[in-house]
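The sequence shown maps to residues 10 to 377 in our numbering. These notes are about the structure you will find just below.
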Amino acid sequence: MKKTAIYFLSILLLFVTACKNEKVPNVSNAAVYKRITFNRETTGATARINQFFTERNRKGVFNGVVLFAEKGNIIYEKAFGYSDFRRKTPLTTNSVFQLASVSKQFTAFAIMLLKERGKLSYSDNVRKFFPSFPYEDITIRQLLTHSSGLPNYMYFANDYWPDKSKMMDNKDVIEMLERNLPQPYFRPGIRYFYSNTGYALLASIVEKASGMPFYRFMEKEIFKPLGMESTFVYNPENPLPAVVAEGHNPNRTPVGFNYQNGVVGDKNVYSTVEDLLRWDYALYKAQLVSQECLSEAFTPAFKNLRDDHNYGFGWRINEKDNIVYHGGWWDGYRSYIVRSLSDQRTIIVLINSAAHISFRLQELEDLF
10 MKKTAIYFLS ILLLFVTACK NEKVPNVSNA AVYKRITFNR ETTGATARIN
60 QFFTERNRKG VFNGVVLFAE KGNIIYEKAF GYSDFRRKTP LTTNSVFQLA
110 SVSKQFTAFA IMLLKERGKL SYSDNVRKFF PSFPYEDITI RQLLTHSSGL
160 PNYMYFANDY WPDKSKMMDN KDVIEMLERN LPQPYFRPGI RYFYSNTGYA
210 LLASIVEKAS GMPFYRFMEK EIFKPLGMES TFVYNPENPL PAVVAEGHNP
260 NRTPVGFNYQ NGVVGDKNVY STVEDLLRWD YALYKAQLVS QECLSEAFTP
310 AFKNLRDDHN YGFGWRINEK DNIVYHGGWW DGYRSYIVRS LSDQRTIIVL
360 INSAAHISFR LQELEDLF
């Protein structure tokens with residue numbers, strides 16, 4: 010899997026910085042997820058992967074959980090380091106991590122699910138759901154593909170959110186946009202610019218279209234049907250379970266409170282490596298939505314971007330090598346999922362330390 014390994018490296022370096030209205034399969038009460046199985050015939054790859062991550066953990070440049078899989082079968086899975094450095098609590102393969110921007114693929118999937126159920130259209134204007142929204146001609150499709158031109162709330166909130174000891178949420182993001190009218194980056198639809206604001210808006214649209222809180226919709230309609238029992242959307246009203254790994258600064262101290270942690274859709278899905286493998290399997294099997302719908306999600310939205318760095322619906326796309334991927338980085342967490350669609354090989358890495366990560370290309374090429 011050289012191409013996948015190469016692309017995995019590019020993600021690590023980077024983040025240091027239409028469906029039809031078809032009948033949806035009734036799987037809400039079925040165990041449709043992939044049962045985790047190990048392939049014991051790949052001892053060579055297992056040894057290489059283990060040596061690679063063990064050495065980096067020993068050098069203090071990797072702390073997290075790793076999973077490599079092929080066609081739903083685990084080739085390699087291991088936890089390295091600590092869930093809590095202060096207490097020396099070890100990570101396990103069942104540890105739960107904040108997914109940061111890897112959460113965006115779940116938000117996009119919720120929109121796709123509602124589209125297939127006839128609750129919305131990709132061409133719908135944001136004002137259909139929020140009539141007082143101050144920016145004209147912004148569609149759901151533009152939010153999905155980061156082409157809305159909306160300014161990043163993570164930046165303008167520093168100016169407009171008065172009490173940094175109080176957590177803000179999605180409603181606050183919308184109110185800041187309406188009240189302060191921060192300057193958009195460009196006219197909607199003319200180019201790509203990565204937008205956390207867009208995915209926060211998508212989560213709010215899910216709530217409007219479904220009539221449910223975002224966290225509840227995701228649990229009821231996606232996580233539970235797919236058997237993702239350890240996966241959830243952060244809800245400030247509920248304490249995080251003890252199994253959640255602590256996010257750490259580069260000096261290995263806990264990151265602590267961030268007033269932007271209440272915003273969901275762009276981040277704030279929590280999960281494990283095995284639940285993400287169940288998710289990966291569900292996508293290959295087109296569970297919950299049609300294959301046609303998924304195909305559009307993995308179709309590059311832009312003609313003028315590099316063919317190895319395009320975007321679909323919640324996924325970055327390397328069209329040349331038929332790889333889709335995403336990474337995330339937020340408050341001491343990093344997350345990466347890489348899916349080689351041609352051979353159904355998957356790499357999942359969840360990290361709870363913001364320490365610098367340096368993976369040499371030559372060492373990754375032959376891992377898998």
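All C-beta atoms in this analysis are idealised placements derived from N, C-alpha and C, irrespective of residue type, glycine included.
CB of residue i within 8 Å of CB of residue j, strictly
i    : j    : result
N361 : E283 : no
G69  : L359 : no
G274 : T116 : yes
M185 : Y169 : yes
H155 : Y203 : yes
I147 : P197 : yes
L153 : L210 : no
T206 : P160 : yes
F77  : Y85  : yes
A119 : M227 : yes
T110 : G337 : The sequence shown places Ser at residue 110, not Thr. Yes, Cβ-Cβ distance for S110 and G337 is below 8 Å.
V242 : Y268 : no
K113 : G341 : no
I58  : I149 : no
A218 : K128 : yes
Q353 : E79  : yes
P140 : E187 : no
Counted within 10 angstroms of its Cβ, other Cβ atoms place residue i as buried (16 or more) or exposed
i    : result
D172 : exposed
I199 : exposed
S37  : Any answer about S37 is weak, because its pLDDT of 37 lies below 50 and its placement is not dependable; what the coordinates show is given next. Label assigned to S37: exposed.
Y345 : buried
Q371 : Note on Q371: pLDDT 38, under 50, position unreliable in the model; the coordinate value appears next. Exposed, since its Cβ has fewer than 16 Cβ neighbours within 10 Å.
L376 : buried
S104 : buried
K276 : buried
A363 : buried
F266 : exposed
K32  : The pLDDT assigned to K32 is 34, lower than 50, so where the model puts this residue is not dependable, and the model offers no usable value.
E216 : buried
N167 : exposed
A306 : buried
N319 : buried
A88  : buried
N35  : Confidence in N35 is poor, its pLDDT being 37 and thus under 50, which makes the residue's placement unreliable; the coordinate value appears in the next sentence. Looking at its Cβ environment, which holds fewer than 16 other Cβ atoms inside 10 Å, N35 is exposed.
I357 : buried
G158 : buried
A39  : Note that A39 scores a pLDDT of 37, beneath 50, so its modelled location is shaky; the value from the coordinates is reported in the next line. Counting Cβ neighbours within 10 Å, A39 comes out exposed, since fewer than 16 surround it.
A251 : exposed
N327 : buried
R348 : buried
S174 : exposed
T63  : exposed
Range covered by the alpha helix (DSSP H) that runs through residue i
i    : result
F165 : 162-169
L292 : 282-293
R150 : 149-153
R225 : 223-227
Q300 : 300-306
A212 : 205-219
D133 : Note, D133: premise wrong, no alpha helix (DSSP H); not H, not E.
N267 : It is not in any alpha helix (DSSP H) - N267 carries neither H nor E in the DSSP assignment.
D181 : 179-189
M176 : Where M176 is concerned, there is no enclosing alpha helix (DSSP H), given that its DSSP letter is neither H nor E.
G116 : A quick correction: the sequence has Thr, not Gly, at residue 116. 113-125 is the span of the alpha helix (DSSP H), which, as asked, contains T116.
Residue span of the beta strand (DSSP E) that contains residue i, given as start and end
i    : result
G336 : 332-339
D93  : 91-93
R325 : 325-327
For residue i: DSSP bridge partner residues
i    : result
L359 : V74, S344
A88  : V74
P99  : Y91
Q107 : Y279
F241 : Y279
V252 : Looking at the DSSP assignment, V252 forms no beta bridge with any residue, so it has no partner.
Y201 : Paired residue(s): none; Y201 is not in a bridge.
R354 : E79, S349
H257 : P263, S362
Y320 : R325
Whole-angstrom C-beta distance between residue j and residue i, which should lie under 8 Å
i    : j    : result
L350 : V333 : 6 Å
Y201 : T240 : About 29 Å separates the two Cβ atoms, so there is no contact after all.
G90  : D178 : Not quite, the Cβ-Cβ distance comes to about 32 Å (not below 8 Å), so this is no contact.
P8   : L286 : In the structure displayed, the chain extends from 10 to 377; residue 8 sits before or after that span and is not available.
Q107 : W288 : The Cβ separation is near 16 Å, so there is no contact.
E230 : L122 : 6 Å
Y131 : K137 : Actually they do not touch by this definition, with Cβ atoms about 12 Å apart.
V182 : Y162 : 5 Å
H335 : R325 : 6 Å
M176 : P245 : 6 Å
Proximity test, residue i beta-carbon vs the ligand MG heavy atom, cut-off 7 Å
i    : result
F307 : The ligand MG is not part of the structure shown, which contains no ligands of any sort.
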